[in-house]
Amino acid sequence: SGSAITAEIGSMKMREEVDALKVIGLNPIGVLVFPRLVALVIALPCLTIIANFAALGGGILAAWLYSDIPPAAFIDRLRVAIDLSTIFAGLIKAPFMAMIIGTIASVEGMKVGGSAESLGQHVTASVVKSIFVVIILDGLFAMFYAAIEF
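In the numbering used here, the protein residues as written are 366 to 515.
Structure below.
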């Protein structure tokens, strides 16, 4: 998650490990940031798929227990209500969200000063900024999808 990335990079900055990477000739962005961004871009779509199946499983269970809708009927109605473009819309957004979260988290981690207080402030800032930008980006995706009738 973004907060973990900020905390990890920030604590490395506090302990001057980032400066040590520079001294030995390594680029901290290439060593610390890029691998985390790649991991997020790969992991978030996978987590999106898992979350979709978990939500559908919960929906099937709730419909069966509280409304006496059998799972087979739920799945039949689901096929009518949701098409593949709905699923792909979420999967297309996921890597973009991952890039935004990872970038904000990394930038905030690199801004950490030499104190634990600074680390806490930047982790909080990372979370707040990520939530805000993800909401804005989600709205932009919704407008884009509506414009292209996706």
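Glycine is no exception: its CB is placed at the ideal position from the N, C-alpha and C atoms.
These figures come from a predicted structure and were not determined experimentally.
Between the CA atoms of residue j and residue i - distance to the nearest angstrom
i	j	result
Val-383	Ile-389	10 Å
Val-396	Cys-411	24 Å
Ala-481	Leu-456	37 Å
Val-398	Pro-460	16 Å
Leu-402	Pro-435	42 Å
Gly-478	Arg-380	10 Å
Ala-372	Val-488	6 Å
Ala-427	Ile-496	29 Å
Leu-484	Ala-490	10 Å
Ile-370	Lys-476	13 Å
Ala-408	Asp-503	18 Å
Lys-387	Trp-429	59 Å
Pro-400	Ser-432	47 Å
Leu-391	Tyr-510	41 Å
Ala-385	Ile-394	13 Å
Helix, strand or coil at residue i [DSSP, three-state]
i	result
Ser-366	coil
Lys-378	helix
Gly-467	helix
Asn-392	coil
Val-477	coil
Phe-515	coil
Candidates the options, of which the one nearest residue i by Cα
i	options	result
Leu-443	Glu-473, His-487, Asn-417	Asn-417
Gly-375	Ala-507, Glu-473, Ile-452	Glu-473
Leu-405	Ser-368, Asn-392, Asp-433, Tyr-431	Ser-368
Phe-515	Leu-449, Thr-468, Leu-409, Ala-419	Leu-449
Ala-420	Leu-502, Gly-485, Ile-452, Thr-468	Ile-452
Ile-469	Phe-506, Ala-438, Ile-394, Val-492	Val-492
Residue range of the unbroken alpha helix (DSSP H) whose run includes residue i
i	result
Phe-497	481-512
Asp-441	436-446
Val-403	399-432
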